[in-house]
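In short: position in the sequence shown from 1, add 197, done, that's my numbering.
All C-beta atoms in this analysis are idealised placements derived from N, C-alpha and C, irrespective of residue type, glycine included.
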Amino acid sequence: MRKSLLCILLVLLLIPSVLGARSLFEVGLGVSGIYDTNGSEDMQRFLEGMANGENWTLGVGLNTRLSIVDVSFLAMLPSGSTDGEQAMSLLSGVALQIPLVTDALYVSVGGGLTTIFSYAEGETEAKIAGRAVSEVTFGDVIVESPLHLRFSLDVLIGSAKVGFFYLVDTEATIGGFQEAGGWADLFKSTGNEKVGMMMQLALF
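Rendered as structure tokens:
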């Protein structure tokens, strides 16, 4: 039974590369411009906020794709706060790339972890969730980091890709799934939603 499931998964991964000219495996490096909506639900406030440079963040990303499965890492460069604290977010996630127009237009649906590294003024060590990095294990990061959902539309232009994406920070964590009703938090937004534009170049 297990071998049959593995064979089915392998076939599903190979089908897109057989039907189109897109390579089975790809590694890409990209940059993103990310706009923090600050929970703006009114369209006028949303558009006015885009003119404020403080609402924008630059991101650097690394993507690895195997057929329709895309693994991504997006580092959002440090941004300041009123108390002088700097924060950098690392978004790591997995998404499925679904072709709308083969080798031209794709929609991606996925999600992953949002890990925030904060740097207080005068301190030499970064913090994760209020604790020093030296006190946090890798397992703690996986279990305690908030989860985000990501939806994007990507246009392929040769070895380059231009994408528009929408990020939703949720109240869920992997550790919270062990609690009753924890899955429901995956559909509860913290109100910290972002939109962005990404340009990526395939390295190989």
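- When secondary structure is reduced to three states using DSSP, Ser237 falls in the coil class, being assigned neither helix nor strand.
- With fewer than 16 other Cβ atoms inside 10 Å of its own Cβ, Ile295 counts as exposed.
- Nearest neighbour of Asp351 by Cα position, chosen from Glu245, Asn252, Asp267, Gln375, turns out to be Asp267.
- By the C-beta density criterion, Glu318 is exposed, having fewer than 16 other C-beta atoms within 10 angstroms.
- For the pair Phe361 and Gly393, the Cα-to-Cα distance works out to about 6 Å.
- With contact defined as three or more Cβ pairs closer than 8 Å, the region 323–334 and the region 300–307 are not in contact.
- With a threshold of 16 other beta carbon atoms within 10 Å, Met273 meets it and is buried.
- With respect to Leu346, Val224 sits apart: the two C-beta atoms are not nearer than 8 Å.
- Bounds of any alpha helix (DSSP H) do not take in Glu282, whose DSSP letter is neither H nor E.
- Under DSSP, Met394 takes part in a beta bridge, and its partners are Gly230, Phe361.
- Assignment of Ser286 by DSSP, reduced to helix, strand and coil, places it in the strand class.
- Counting of Cβ neighbours within 10 angstroms places Ala381 among the exposed residues, the total staying below 16.
- Here DSSP, grouped into helix, strand and coil, assigns Asp382 to helix.
- Here Phe401 carries a coil assignment [DSSP, helix/strand/coil].
- According to the DSSP assignment, Phe374 belongs to no alpha helix (DSSP H), since it is labelled neither H nor E.
- In the three-state DSSP reduction, Asn260 falls in the strand class (E or B).
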